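Enquirer: Pasting a structure here, questions to come.
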Amino acid sequence: MKKYIYILFFSLIVFSCKTDKKANQKLNIVTTTSMITDLVKNVAGDEVNVQGLMGSGVDPHLYKASEGDVSKLSGADIIFYNGLHLEGKLVEIFEKMRNIKTVALSDAIDEKTLIGSEYFASNYDPHIWFNTEYWIQITQFVADKLSEALPEKKDLFQANSAKYIVELKALQTTLKSTIETLPKDKRILVTAHDAFNYFGKAYGFQVRGLQGISTATEAGVQDVQNLSAFIIENKIKAIFIESSVPKRTIEALQAAVNSKDHNVDIGGSLYSDALGTPGTPEGTYIGMFKYNVNTIVNALK
Numbered sequence: 001m002k003k004y005i006y007i008l009f010f011s012l013i014v015f016s017c018k019t020d021k022k023a024n025q026k027l028n029i030v031t032t033t034s035m036i037t038d039l040v041k042n043v044a045g046d047e048v049n050v051q052g053l054m055g056s057g058v059d060p061h062l063y064k065a066s067e068g069d070v071s072k073l074s075g076a077d078i079i080f081y082n083g084l085h086l087e088g089k090l091v092e093i094f095e096k097m098r099n100i101k102t103v104a105l106s107d108a109i110d111e112k113t114l115i116g117s118e119y120f121a122s123n124y125d126p127h128i129w130f131n132t133e134y135w136i137q138i139t140q141f142v143a144d145k146l147s148e149a150l151p152e153k154k155d156l157f158q159a160n161s162a163k164y165i166v167e168l169k170a171l172q173t174t175l176k177s178t179i180e181t182l183p184k185d186k187r188i189l190v191t192a193h194d195a196f197n198y199f200g201k202a203y204g205f206q207v208r209g210l211q212g213i214s215t216a217t218e219a220g221v222q223d224v225q226n227l228s229a230f231i232i233e234n235k236i237k238a239i240f241i242e243s244s245v246p247k248r249t250i251e252a253l254q255a256a257v258n259s260k261d262h263n264v265d266i267g268g269s270l271y272s273d274a275l276g277t278p279g280t281p282e283g284t285y286i287g288m289f290k291y292n293v294n295t296i297v298n299a300l301k
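Residue numbers for the sequence shown, in UniProt numbering: 1 to 301.
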C-alpha cells in the first residue's frame, strides 16, 4: 500500500512540475528589422522572448534567411514584420508556416495615407517607421496583438504601450524643435536611397535618393549625373551615406559634384533601414531618430 501511495505522490509532483513549466513558458516572438525588435521589447517587456532576425547595419531589401533564421521562425508563436514588401522573399518563407501567427505592422496604417512607389509590388513606400505618427499607431497595434495572444497580460501591455507613446510624442517635440533651427530653403536631403520620404513629408524636407526606394536597384551613371546637377543647382552643402548601404555610391556622387567645381561634403552616416549597435543610444528607435535629425541639421546649416 505504501508503494502505491509513493508512486501516486511522485506522479503528482511530476505532473505539477510539467504544469508549472507550461504555465510559466513565455511566448516566442520573432521580429524582422531592428526597429520592430526595439518596439516589441518596449511593449512586451520581459513577458515574452523576443528574437530579431536583422541586426545593426543589415539591409532588409536584400536580406536572405539563414538556416538559423528558419529555425527561429519555425519555433515562433508570433512573427512581427514590416510588410509592404520591405523584407522581400523572406515573407514567402514564414507565410508558408501556416501554424504560426504572422503580423504585418503596415496593416495598422490607412493605405490612403501611404506614399506610392513604383519600385514595390505593393505600390507603397515601406519605410513607414520614419513617420512618428505611424509608429505611435503601430505601437498600439502591437500592444493589441500581444494582448490577444496573452489576455492575462493585457493590462501590462497596454500600460507599456501608453508609456512608450508618451516617449514617442516627446520625441516629436524634440525633432520639430531641432529642425526649426534649419532654414526651410536648406531642407533638402540627399541620401544613398529613398528611405526618408515619410520623414520628408512629415518635417518639410525635399528628399532625393540615388538608388530610389529599394536598394535592389543599382544607381547608373545617368542617375549620378542627374543628381549631381540637382545638388549644384540647389547649392546643397552636404549629402549622406547610410549605415545599411555601401558608401561607394555616395562617394561617386560626391566626386561627380566636386569635379564640376561645386564642393559638397559627406555630412555623415544616417541610420535608414536598421538601428545602430545594441546598447548605444542609436540602438533604439528614439535614439536613432534623434541622431539622424541632429546629423542632418548640423551638416546642412
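Cβ coordinates follow ideal geometry from the N, Cα and C atoms, glycine included.
Quick caveat: nothing in here was measured; it's all calculated off a predicted structure.
Mark GLY68 as exposed unless 16 or more other C-beta atoms lie within 10 angstroms of its C-beta, in which case mark it buried.
Expert: The residue you call residue 68 lines up with position 68 of the sequence shown. Counting Cβ neighbours within 10 Å, GLY68 comes out exposed, since fewer than 16 surround it.
Enquirer: Alpha carbon to alpha carbon, what distance is there between ASN49 and LYS72?
Expert: Taking the first residue of the sequence shown as position 1, residue 72 is located at position 72. Taking the first residue of the sequence shown as position 1, residue 49 is located at position 49. Looking at the two C-alpha atoms, the distance is approximately 11 Å.
Enquirer: Below 8 Å between beta carbons: does that hold for ILE231 and VAL190?
Expert: Position 231 of the sequence shown, counted from the start, is the residue given in the question as residue 231. Position 190 of the sequence shown, counted from the start, is the residue given in the question as residue 190. Their beta carbons are under 8 Å apart, which means ILE231 touches VAL190 by this criterion.
Enquirer: With DSSP as the reference, identify every bridge partner of THR102, one or two as the case may be.
Expert: Here residue 102 refers to the residue found at position 102 when the sequence shown is read from its first residue. Partner(s): ILE79.
Enquirer: Rounded to the nearest angstrom, how far is the Cβ of GLY209 from that of ALA195, given a contact under 8 Å?
Expert: For this step, residue 209 is matched to residue 209 along the sequence shown. For this step, residue 195 is matched to residue 195 along the sequence shown. With a Cβ gap of about 7 Å, GLY209 and ALA195 count as contacting.
Enquirer: Need the endpoints of the beta strand (DSSP E) that GLY287 sits in, please.
Expert: The sequence position of residue 287 within the sequence shown is 287, counting from 1. Segment 285 to 300 is the alpha helix (DSSP H) holding GLY287; no beta strand (DSSP E) there.
Enquirer: Helix, strand or coil for GLN233 per DSSP?
Expert: Position 233 of the sequence shown, counting from 1, holds the residue named residue 233. What sits at residue 233 in the sequence shown is Glu, not Gln. Of the three classes helix, strand and coil, the one that applies to GLU233 here is helix, per DSSP.
Enquirer: By the 10 Å Cβ neighbour count, where 16 or more other Cβ atoms means buried, how is residue 321 classified, buried or exposed?
Expert: In the structure as shown, the chain starts at 1 and stops at 301, and residue 321 therefore has no counterpart that could be examined.
Enquirer: Have a look at LYS112 and TYR124 and give me their C-alpha separation to the nearest angstrom.
Expert: Residue mapping note: residue 112 aligns to position 112 of the sequence shown, counting from 1. Residue mapping note: residue 124 aligns to position 124 of the sequence shown, counting from 1. Those two C-alpha atoms are separated by around 10 Å.
Enquirer: Can you tell me where the alpha helix (DSSP H) with GLU95 in it begins and where it stops?
Expert: In the sequence shown, the residue the question calls residue 95 occupies position 95. Note, GLU95: alpha helix (DSSP H), 90 to 95.
Enquirer: Is the region 168 to 179 touching the region 151 to 158 in the sense that three or more CB pairs, one from each, lie closer than 8 Å?
Expert: no
Enquirer: Among ALA108, GLY75, VAL70, ILE109, which has the Cα closest to the Cα of VAL91?
Expert: The residue you call residue 91 lines up with position 91 of the sequence shown. Of the listed residues, the one whose Cα sits closest to VAL91 is VAL70.
Enquirer: Would a C-beta distance cut-off of 8 Å place THR31 and GLU87 closer than the cut-off?
Expert: To locate residue 31, count along the sequence shown from 1; it is residue 31. To locate residue 87, count along the sequence shown from 1; it is residue 87. Contact: no.
Enquirer: Assign residue 312 to buried or exposed, taking buried as 16 or more other Cβ atoms, counted over all protein chains shown, within 10 Å of its Cβ.
Expert: Residue numbering for the chain in the displayed model covers 1 to 301; residue 312 lies beyond these limits and cannot be assessed.
Enquirer: Restricting to Cα atoms, I'd like to know which of THR132, THR249, TYR164, GLY83 is closest to ASN197.
Expert: Counting from 1 along the sequence shown, the entry for residue 197 is found at position 197. Cα-wise, what sits closest to ASN197 is THR132.
Enquirer: Applying the criterion that 16 or more other CB atoms from any shown protein chain within 10 Å of the CB defines a buried residue, is VAL145 buried or exposed?
Expert: If you number the sequence shown from 1, residue 145 lands on position 145. Checking the sequence, you will find Lys at residue 145 rather than Val. When all chains shown are included, LYS145 counts as buried.
Enquirer: For ASN258, which residues in the same chain have their Cβ closer than 8 Å to its Cβ, ignoring the five residues on either side in sequence?
Expert: Translated into positions along the sequence shown, residue 258 becomes position 258. Closer than 8 Å at Cβ, skipping near neighbours: VAL264.
Enquirer: Just the C-alpha distance for PHE240 and ARG187, rounded to the nearest angstrom, thanks.
Expert: In the sequence shown, the residue the question calls residue 240 occupies position 240. In the sequence shown, the residue the question calls residue 187 occupies position 187. Those two C-alpha atoms are separated by around 13 Å.
Enquirer: Does DSSP put ALA192 in a helix, in a strand, or in coil?
Expert: By 1-based counting over the sequence shown, the position of residue 192 is 192. Coil at ALA192, not helix or strand.
Enquirer: What do you get for GLN211, buried or exposed, if any count of 16 or more other CB atoms within 10 angstroms of its CB means buried?
Expert: Numbered from 1 along the sequence shown, position 211 holds the residue referred to as residue 211. Buried, because 16 or more other Cβ atoms sit within 10 Å of the Cβ of GLN211.
Enquirer: Bridge partners of ASN49, per DSSP?
Expert: Reading the sequence shown from its first residue, position 49 is the one you call residue 49. DSSP lists ASN28 as partners of ASN49.
Enquirer: ALA104 to PRO126, Cα distance in whole Å?
Expert: If you number the sequence shown from 1, residue 104 lands on position 104. If you number the sequence shown from 1, residue 126 lands on position 126. Taking the straight line from one Cα to the other gives about 11 Å.
Enquirer: Would the C-beta of LYS301 count as close to the ligand NAP, meaning under 7 Å from any of its heavy atoms?
Expert: Because no ligand of any kind appears in the structure shown, any question about the ligand NAP cannot be addressed here.
Enquirer: Taking the alpha carbon of MET54 as the reference point, which residue from PHE80, ALA44, VAL43, LEU27 has its own alpha carbon closest?
Expert: Translated into the one-based positions of the sequence shown, residue 54 becomes position 54. The shortest C-alpha separation from MET54 is found at PHE80.
Enquirer: Between which two residues does the beta strand (DSSP E) containing GLU167 stretch?
Expert: To locate residue 167, count along the sequence shown from 1; it is residue 167. Per DSSP, GLU167 belongs to no beta strand (DSSP E); it is in the alpha helix (DSSP H), 154 to 179.
Enquirer: Excluding sequence positions up to five away, which residues of its chain have a Cβ less than 8 Å from the Cβ of ILE136?
Expert: Position 136 of the sequence shown holds residue 136. Counting only residues of its own chain and dropping the five nearest sequence neighbours on each side, ILE136 has a CB closer than 8 Å to the CB of ILE165, LEU168, LYS169.
Enquirer: Is ILE241 helix, strand or coil by DSSP?
Expert: Here residue 241 refers to the residue found at position 241 when the sequence shown is read from its first residue. The answer is strand: DSSP assigns ILE241 an E or B state.
Enquirer: Return helix, strand or coil for TYR271, following the three-state DSSP convention.
Expert: As a first step, residue 271 must be located in the sequence shown, where it is residue number 271. Correct three-state label for TYR271: coil.
Enquirer: Which residues in the same chain as LYS260 place their Cβ atom closer than 8 Å to its Cβ, once the five residues preceding and following it in sequence are excluded?
Expert: Position 260 of the sequence shown, counted from the start, is the residue given in the question as residue 260. Counting only Cβ-Cβ distances below 8 Å, and skipping sequence neighbours, we find SER228, ILE232.
Enquirer: Starting from ARG208, follow the beta strand (DSSP E) in both directions and report where the run begins and ends.
Expert: Taking the sequence shown and counting its residues from 1, one reaches residue 208 at position 208. That run of the beta strand (DSSP E) goes 206 to 209.
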